[in-house]
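Quick note: the sequence shown, position 230, residue 646 per this note's numbering, numbers continuous.
The C-beta atom is built at its ideal place from N, Cα and C for all residues, glycine as well.
Predicted, not measured: the structure shown is a model, and the values here were computed from it.
Remarks on the structure that follows.
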Amino acid sequence: MSYDAQKVTYQEVTIFDRPALFTECRIDRATLPEDVYRYELRHGDEDWGEPRELARNLMVNFYGTVLTRDPFQLTIDGWIPLENGSLSFQDGGCRTLAEFQEKYPASDKDVIDFYSVNEPALHDLYFARSEEQDKTVGCVGHLRGDFGSGKQFYTTWWPHQQDALNTPEFKADIDRTVNWLREQPGSPLRDFDSMNRYCNRYEQICAIKGALFPSCGFMVKTKRYVYMLRCTPIKGDYQFYIYCYQRKPFEKAQKEQQKNDQLQAKKRAEPER
Numbered sequence: 417m418s419y420d421a422q423k424v425t426y427q428e429v430t431i432f433d434r435p436a437l438f439t440e441c442r443i444d445r446a447t448l449p450e451d452v453y454r455y456e457l458r459h460g461d462e463d464w465g466e467p468r469e470l471a472r473n474l475m476v477n478f479y480g481t482v483l484t485r486d487p488f489q490l491t492i493d494g495w496i497p498l499e500n501g502s503l504s505f506q507d508g509g510c511r512t513l514a515e516f517q518e519k520y521p522a523s524d525k526d527v528i529d530f531y532s533v534n535e536p537a538l539h540d541l542y543f544a545r546s547e548e549q550d551k552t553v554g555c556v557g558h559l560r561g562d563f564g565s566g567k568q569f570y571t572t573w574w575p576h577q578q579d580a581l582n583t584p585e586f587k588a589d590i591d592r593t594v595n596w597l598r599e600q601p602g603s604p605l606r607d608f609d610s611m612n613r614y615c616n617r618y619e620q621i622c623a624i625k626g627a628l629f630p631s632c633g634f635m636v637k638t639k640r641y642v643y644m645l646r647c648t649p650i651k652g653d654y655q656f657y658i659y660c661y662q663r664k665p666f667e668k669a670q671k672e673q674q675k676n677d678q679l680q681a682k683k684r685a686e687p688e689r
């Protein structure tokens, strides 16, 4: 069960020397205000007394939740290890999220978040669409690339909407994002073999329906942009496409699509009259 972030009583802590709120409850991410970040702590398989990992989401060994104003840069697998003393409980301090927000200002830190879990409703966003659809979701353009003989990295930029959204800010963002993906151990953009292993690992949940060749889809988010990464680990062809979107219109369109899908599902469930 997940709880409303605004209705929980917390204990102020520091984690990696950053102020945070701690609770033993799971917190519903949808109830968080903007610029508050939620992470879950995992205890060890045998030692339940100390957290060992900080992660975006956990299925097992849940120890507690921390909320921060300053985001953490996680690995491509969505977690970082905790050492002894990484989490420290404070005497007194904030007990509510409102107090915490008032005490600590929002951070302007811009981290890169990589998501392995894929949603079928997003599959169209891994491919080129009409200009009208591009405008709705804020599509900047897409990057097409391959690994050459396996270790090289070749790309071509394809503009959308007359390249109108390809600003210096975007160029800097995609450069740092792609470089980060190439540097991460085991990343699907590190080289051909890494992509092949990563796609095999997540094939069951990330396979893109309707793709011409077996492909897996992943999502990468920064503060202002979303990158939809389509991976096709087949030699002799292009092995990846990255469709680039402005985050605000992308997420607005995503919410509207989810609402429409829910309405359609409700209509299908209603008995015929």
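Sequence-distant Cβ neighbours of A421 in its own chain, meaning closer than 6 Å and more than five residues away, are I443, T447, L448 and L513. Sequence-distant Cβ neighbours of R445 in its own chain, meaning closer than 6 Å and more than five residues away, are R454. E469 is bridged by DSSP to R458 and P497.
Fully contained in the region 603-667 are the following alpha helix (DSSP H) runs of length 4 or more, in chain order: 608-622. As computed with DSSP, V482 is found in a beta bridge with F438 and Y455. Within the same chain, Cβ atoms closer than 7 Å to the Cβ of Q506 are found at E428, V429 and T430, the five residues on either side in sequence being excluded. By the neighbour-count criterion, in which 16 or more other beta carbons inside 10 Å mark a residue as buried, E450 falls on the exposed side. For T552, the enclosing alpha helix (DSSP H) starts and ends at E547 to V553. Counting along the chain, the unbroken beta strand (DSSP E) around I431 starts and ends at Q427 to I431. By a beta-carbon distance limit of 8 Å, L470 contacts F488. Their separation comes to about 7 Å. Cβ contact annotation for K551 (same chain, cutoff 6 Å, sequence separation greater than five): none. Straight-line spacing of the CA atoms in V636 and P665 works out to 15 Å. Residues of the same chain with a CB within less than 8 Å of the CB of C510, apart from the 5 flanking positions on each side, are Y426, E428, L437, F516 and K519 in chain order.
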